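Quick notes on the structure that follows.
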Amino acid sequence: MSDEKLEVKESDMEEAEQSVVIGVVREAQRLYNVDKDVAAFIKEELDKQLGATWHIICGKCFGSRVSYEMGHFLLLKCNKAPCQSVKAMLWPNLLYEF
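In my numbering, the protein residues as written are 1 to 98.
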């Protein structure tokens, strides 16, 4: 699963931070098959590596309204399912179709 391509759909992150997040997502995919476990691993690792507080949404079908800190938003398409990673702060409305 970790050999699957990750496609960045939208991001306002610095490249270095984005690389850390992508590395953590790849590791989560390698270790887990259930979306909730993938999300939990990514959240715990990003909180440790990049500081709290991260919110992770993984899966094929979801709606979201999230708050995030500018410069810390990343939406990935991984294994044909979206994975959204955001660091909390503001309240934008987000709606994506895949």
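Cβ coordinates follow ideal geometry from the N, Cα and C atoms, glycine included. Small disclaimer: the values here were computed from a predicted structure and weren't measured.
Close-in-space but distant-in-sequence residues of the same chain around residue i (CB under 6 Å, 5 per side omitted)
i	result
K77	E7 and K9
P92	The pLDDT assigned to P92 is 34, lower than 50, so where the model puts this residue is not dependable, and the model offers no usable value.
Y96	A caution first: Y96 carries a pLDDT of 41, below 50, which makes its placement in the model too unreliable to give a value.
Contact with chain C by residue i, beta-carbon distance below 8 Å
i	result
D12	Among the chains of the structure shown, chain C does not appear; only one protein chain is present.
Check whether residue i and residue j have beta carbons under 8 Å apart
i	j	result
S11	L50	no
A39	I22	no
V24	E45	yes
F41	A52	no
Minimum C-alpha distance to residue i - residue among the options
i	options	result
F62	G71, L46, K43 and K36	K36
Endpoints, alpha helix (DSSP H) assigned at residue i
i	result
V24	E15 to L31
Same chain, Cβ closer than 8 Å to residue i, neighbours up to 5 away in sequence not counted
i	result
S19	none
Extent of the continuous beta strand (DSSP E) run through residue i
i	result
E10	L6 to S11
Which runs of the beta strand (DSSP E) at least 3 residues long sit entirely within the region 42-66? Give them in chain order.
For the region 42-66, the full-length beta strand (DSSP E) segments reaching 3 residues or more read 54-58 along the chain.
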